[in-house]
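Everything below concerns the one structure shown next.
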Amino acid sequence: MCVLLVAATVLCGVLPVRTHLQAMAVMRTVAGQPVPWMATEVTEPVTQKNLTIPLFSGSGDQQVRARIYAPVHGASAPAMVIFHGVHHLGIDEPRLMSFAAAMASCGIRVLTPELPDIKDYRVSERSVETIGGSVKWFAAEAGAPVGVMGLSFSGGLALVAAGEPQYHPYFKFVMAIGSQDSMARVTDYYRTGSDVRPDGTVELLPAHEYGPLVLEYEYLEDFVPPQDLEPVRAVLRAHLYEDRAAEARASLGLNDIQKRETLELMDATSEATHARIKAVAVKHAAEMSGLSPRGRLDGLATPVYLLHGQADNINPSAETLWMAHELRQQDLKAMLVSPVLSHLNLDGAKPGAMDNWRLLHFFAGVIGAAETR
Numbered sequence: 348m349c350v351l352l353v354a355a356t357v358l359c360g361v362l363p364v365r366t367h368l369q370a371m372a373v374m375r376t377v378a379g380q381p382v383p384w385m386a387t388e389v390t391e392p393v394t395q396k397n398l399t400i401p402l403f404s405g406s407g408d409q410q411v412r413a414r415i416y417a418p419v420h421g422a423s424a425p426a427m428v429i430f431h432g433v434h435h436l437g438i439d440e441p442r443l444m445s446f447a448a449a450m451a452s453c454g455i456r457v458l459t460p461e462l463p464d465i466k467d468y469r470v471s472e473r474s475v476e477t478i479g480g481s482v483k484w485f486a487a488e489a490g491a492p493v494g495v496m497g498l499s500f501s502g503g504l505a506l507v508a509a510g511e512p513q514y515h516p517y518f519k520f521v522m523a524i525g526s527q528d529s530m531a532r533v534t535d536y537y538r539t540g541s542d543v544r545p546d547g548t549v550e551l552l553p554a555h556e557y558g559p560l561v562l563e564y565e566y567l568e569d570f571v572p573p574q575d576l577e578p579v580r581a582v583l584r585a586h587l588y589e590d591r592a593a594e595a596r597a598s599l600g601l602n603d604i605q606k607r608e609t610l611e612l613m614d615a616t617s618e619a620t621h622a623r624i625k626a627v628a629v630k631h632a633a634e635m636s637g638l639s640p641r642g643r644l645d646g647l648a649t650p651v652y653l654l655h656g657q658a659d660n661i662n663p664s665a666e667t668l669w670m671a672h673e674l675r676q677q678d679l680k681a682m683l684v685s686p687v688l689s690h691l692n693l694d695g696a697k698p699g700a701m702d703n704w705r706l707l708h709f710f711a712g713v714i715g716a717a718e719t720r
């Protein structure tokens with residue numbers, strides 16, 4: 348159906364042809380579907396190159412592992428940085444690799460730097476420095492500001508970095524997908540299953556166990572006593588890394604108290620865990636504020652594109668509504684809450700043809716912004 352909609356609107360001269368066909372190619376590739384022949388005419392083969400980026404920041408020098416995806420005929424093509432979400436595979440996560448290659452096939456040089464803390468399921472201020480430093484490095488390589496796309500929590504951190512004076516000039520635009528506006532509000536969502544929208548209505552959606560587990564892993568010292576930290580951490584890490592064999596081995600080393608603590612942490616409905624999550628939000632309020640775009644967007648002066656899955660139960664879609672509410676009208680270029688998406692996957696429940704079309708049109712706008720010099 349999307350193919351017919353694009354064809355009809357293009358033939359009528361309503362829309363830019365190239366970017367919408369490229370957006371179709373990206374969406375089809377990421378979804379694992381065949382790309383229509385008309386879209387293959389506006390894409391090209393892609394090369395990959397692994398590299399290490401030297402970064403210098405207040406928290407110390409870093410050597411950041413990264414990968415560049417480049418169109419074969421685009422040595423001087425416009426540049427974009429894509430930051431992975433919270434996942435142990437980092438820049439080797441197959442969905443990210445597929446997406447980055449698809450974007451590069453549209454004639455854009457794409458850099459994917461690895462965020463070590465995000466890769467280890469920790470949302471940290473150090474990642475803000477890595478994001479800002481990576482953008483600055485690639486902008487210097489490209490000779491111009493670069494587009495930036497952040498997935499999940501990395502999108503919120505990218506907006507934080509864009510507001511920092513030392514990084515701001517190097518951001519051409521920011522696209523945040525499934526991202527947080529307020530870490531404190533998302534933390535409350537993990538125990539209540541509700542998030543208030545800017546208009547006062549309430550989004551009710553039970554949180555996925557993954558969200559609370561990431562929070563517990565980050566602040567484990569607030570959930571278990573010191574003597575239990577390492578044994579319990581080993582189980583949680585293996586669970587988050589989806590390594591069932593390692594999880595089973597680590598579980599064998601737990602005593603009865605540690606087993607009870609671990610089971611309670613993995614129970615998203617536990618009242619005791621909910622109470623500790625509430626205490627964590629209070630104790631770490633200042634830190635969470637530093638990881639949140641909230642309160643920083645009104646004067647950002649950077650073009651922003653916001654995309655969120657309607658059924659996102661890790662970062663609820665109300666978070667994107669809050670960011671849109673705070674951004675100045677001239678800075679918010681597009682905002683879409685889509686039933687096509689869940690969190691980062693194109694697996695929403697029964698989207699309609701127009702839902703797919705809106706998402707395609709949104710991506711066409713982002714591709715157009717990336718290609719504009």
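Residue numbering for the sequence shown follows my numbering, starting at 348 and increasing by one per position.
We put the beta carbon where it would ideally sit given N, CA and C, even for glycine.
With respect to G437, K466 sits close: the two C-beta atoms are nearer than 7 Å.
In the three-state scheme derived from DSSP, where H, G and I count as helix and E and B as strand, E550 is classed as strand. Counting only the Cα atoms, V561 lies some 14 Å from A628. When DSSP states are grouped into helix, strand and coil, P516 belongs to the helix group. The C-alpha of F430 is placed about 18 Å away from the C-alpha of L688.
I714 and N602 have their C-alpha atoms roughly 53 Å apart.
In the structure shown, R375 adopts helical secondary structure according to DSSP, grouped into three states.
Residue pairing from DSSP places L398 in a beta bridge opposite A413.
Sixteen is the threshold: when 16 or more other Cβ atoms of the shown chains lie within 10 Å of the Cβ of S452, as they do, the residue is buried. Taking C-beta atoms as the reference points, D528 and Y536 fail to come closer than 7 Å.
Positions of the beta strand (DSSP E) runs, each at least 3 residues long and wholly inside the segment 454–509, are given as 456–460 and 493–498 in order along the chain. Unbroken beta strand (DSSP E) runs of no fewer than 3 residues, entirely contained in the segment 545–633, are found at 549–551, following chain order. By DSSP's assignment, G656 forms a beta bridge with S685.
With a cutoff of 7 Å on beta-carbon distance, V389 and R365 are scored as near each other. A residue is called buried once 16 or more other Cβ atoms fall within 10 Å of its Cβ, and H420, having fewer, is exposed.
Here DSSP, grouped into helix, strand and coil, assigns V419 to coil.
In chain order, L653 and A671 place their CB closer than 6 Å to the CB of M682, counting only its own chain and leaving out the 5 sequence neighbours on each side.
For D702, there is no enclosing beta strand (DSSP E); the residue is part of the alpha helix (DSSP H) that begins and ends at A700 to E718. With contacts defined by Cβ atoms closer than 7 Å, L668 and P578 do not form a contacting pair.
In the DSSP assignment, S526 is bridged to no other residue.
About 27 Å separates the Cβ atoms of H690 and D645, ruling out a contact at the 8 Å cut-off. Apart from the 5 residues on each side of it in sequence, R469 sits with its Cβ closer than 6 Å to the Cβ of E565 in its chain, given in chain order. The criterion of a C-beta distance shorter than 7 Å is satisfied by A665 and E550.
Here the C-alpha atom of F518 lies approximately 14 Å from the C-alpha atom of L679.
Contact between the segment 606–620 and the segment 470–477 is absent, with fewer than three C-beta pairs closer than 8 Å. Taking R641 as reference, the option from Q574, G510 and S617 with the minimal CA-CA separation is G510. Of R414, H555 and I524, the smallest CA-CA separation from T459 is found for R414. Residue burial annotation: W384 is exposed, with fewer than 16 other C-beta atoms found within 10 angstroms of its C-beta.
Shown here, S636 sits in a helix according to DSSP, grouped into three states. Of the other Cβ atoms in all chains shown, fewer than 16 fall within 10 Å of the Cβ of I604; this residue is therefore exposed.
Of the other Cβ atoms in all chains shown, 16 or more fall within 10 Å of the Cβ of R532; this residue is therefore buried. With a contact defined as Cβ atoms closer than 8 Å, P418 and A424 qualify at about 6 Å.
Put simply, of D590, K483, A615 and A648 the residue whose alpha carbon is nearest the alpha carbon of I661 is A615.
The Cβ atoms of H435 and Y588 sit closer than 7 Å to each other. Membership of F446 in the alpha helix (DSSP H) is indicated by the continuous run P441 to A451. In the three-state scheme derived from DSSP, where H, G and I count as helix and E and B as strand, I429 is classed as strand.
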